[in-house]
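Quick note: the sequence shown, position 359, residue 373 per our numbering, numbers continuous.
The block underneath contains the structure these notes are about, expressed in structure tokens.
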Amino acid sequence: MKIPGRIVKAALLLAAVALPAAMLTPTNAAAANSLTMLGADVSSAQRAIDLGAKYYDSSGTAKDPLDILKGAGVNYVRLRIWNNPASGYNNKAKVLAYAKQVKAKGLKLLIDFHYSDTWADPGKQYKPAAWSSHGISALQTDVYNYTYDVCNSLKSQGTTPDSVQIGNEINVGMLWDDGKVVNNSFTNLGLLLKSGYNATKACNSSTQVIIHTADADSDSNARWFYDGIKAQGVNWDITGLSYYCMWHGTLANMGSVVSDMKSRYGKDVIIAETAYPFTTSDADGTANSVTSGCSGYPLTWAGQGAEFTAVQNTARSAGAIGVFYWEPTWYAVTGNGWDPANISGSGDGWDNMAIFNWTGQVNPNVKWTA
């Protein structure tokens, strides 16, 4: 999920229809799958805390947001990493520092490599400036060395990542244009993904490699992508999909895609990103990226909690092993904007999608459940 490029996508996809309640909860608990990766991407939290933001639990007590999330069921934290962002946040040094806090809480760690100085998503995969003139051969080395360096630096300080993403929402490739899939050719993308996989395993063989697309809306698109990289000999451990009901369709369809991905490739599947609004109102001068919801789930605290529960239930029933809420801590704090080139001057288009309201109070209805 990236800000604000999703706004265009929202207009192009059908609104979701709620899955009947009977289909959301497994009828045989003993046969139900278990969600072992109960995740939250809190990549903006470090900046918010540095700016003095406060987070309050359901009783109104100020706490570290990681403690509040852990109390709500989170056991896994996802942190994006940008190569050299202008803001100085989400870079290697900041990720290393925050990883210490994550691990100190007893939480597992997922590092989300964007391989860019800014947002990477289905509509844009910009090379970092330092690699801008590099062709595919040099980029293979770049990806290997950078991935290994970040992983090994984390390992050296005692915060070895439990999993990594080699790219973020790479529906048609990464490190464009060299790593873009053109005319159904996955050759270059395959080379880059192999570099990232090999670097991760060289750093720590038990770190799981996730390959992440935003294809929970389309089984045909997901098959096209994962068939394409598999044909290139790419290895991965977990298939990651983004699912936002207002952009990616019904819960039933998402469940079908998850189930097919698991059976087709024989790999675990996670919903690497999801979120839902609790209001249409805007907390700052930056327009919200999402201004509508999905049938059956009002834009209220109760609705936000119910929709997230439904996503977890659907993913679990379909055989997924994890669900990650994207940026639950990103409520509007002046100076914590979406644009790394103007972090102090840009605003937050996600304030109505966080699970904390505009004064930092947590939504007690949002729970992560195994």
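The beta carbon of each residue, even a glycine, is placed where N, CA and C say it ideally should be.
Check	Outcome
With DSSP as the reference, identify every bridge partner of H262, one or two as the case may be.	Answer is none; H262 lacks a bridge partner.
Applying the criterion that 16 or more other CB atoms from any shown protein chain within 10 Å of the CB defines a buried residue, is D280 buried or exposed?	Note that residue 280 corresponds to Gly in the displayed sequence, not to Asp. It is exposed - the Cβ of G280 has fewer than 16 other Cβ atoms within 10 Å.
Is the Cβ-Cβ distance between Y290 and Y311 less than 8 Å?	yes
Is the CB-CB distance between T343 and A62 below 8 Å?	yes
Measure how close the beta-carbons of F127 and G210 come, nearest whole angstrom, since I'm counting them as under 8 Å.	7 Å
Compare the C-alpha of T75 against each of P378, N104 and W190 and name the closest.	P378
With a CB to CB cut of under 7 Å and the five nearest residues on each side skipped, what residues in its chain are close to T214?	T161, C165, V178, T221 and V223
Go ahead and label N182 buried or exposed: buried means 16 or more other beta carbons lie within 10 angstroms of its beta carbon, across all protein chains shown.	buried
Determine, using beta carbons only, whether C259 and E321 come nearer to each other than 8 Å.	yes
Nearest CA to the CA of S130: which residue from L121, G374 and R94?	R94
Could you tell me which of A86, Y140, H226 and S58 sits nearest to Y112, measuring between CA atoms?	S58
Below 7 Å CB to CB, which residues in the same chain sit around A368 once its five sequence neighbours on both sides are set aside?	E341, P342, T343, W344 and Y345
Are the stretch 230–237 and the stretch 270–289 touching by the rule of at least three beta carbon pairs closer than 8 Å?	yes
Report the residue from V283, D156, S219 and S101 whose alpha carbon sits nearest the alpha carbon of P354.	S101
Taking the beta carbon of V196 as the centre, do at least 16 other beta carbons fall within 10 Å, making it buried, or is it exposed?	exposed
What does a CB cutoff of less than 6 Å around L83 pick up in its chain, not counting 5 residues either side in sequence?	A54
Should I335 and V283 be called a contact, given that it needs their Cβ atoms to be closer than 8 Å?	yes
Name the residue from K169, A316, A297 and Y103 whose alpha carbon lies nearest to the alpha carbon of G374.	A297
Under a Cβ-count criterion, where at least 16 other Cβ atoms within 10 Å of its own Cβ denotes burial, should Q326 be classed as buried or exposed?	buried
Quick check on the burial criterion: 16 or more other C-beta atoms within 10 angstroms. Buried or exposed for A143?	exposed
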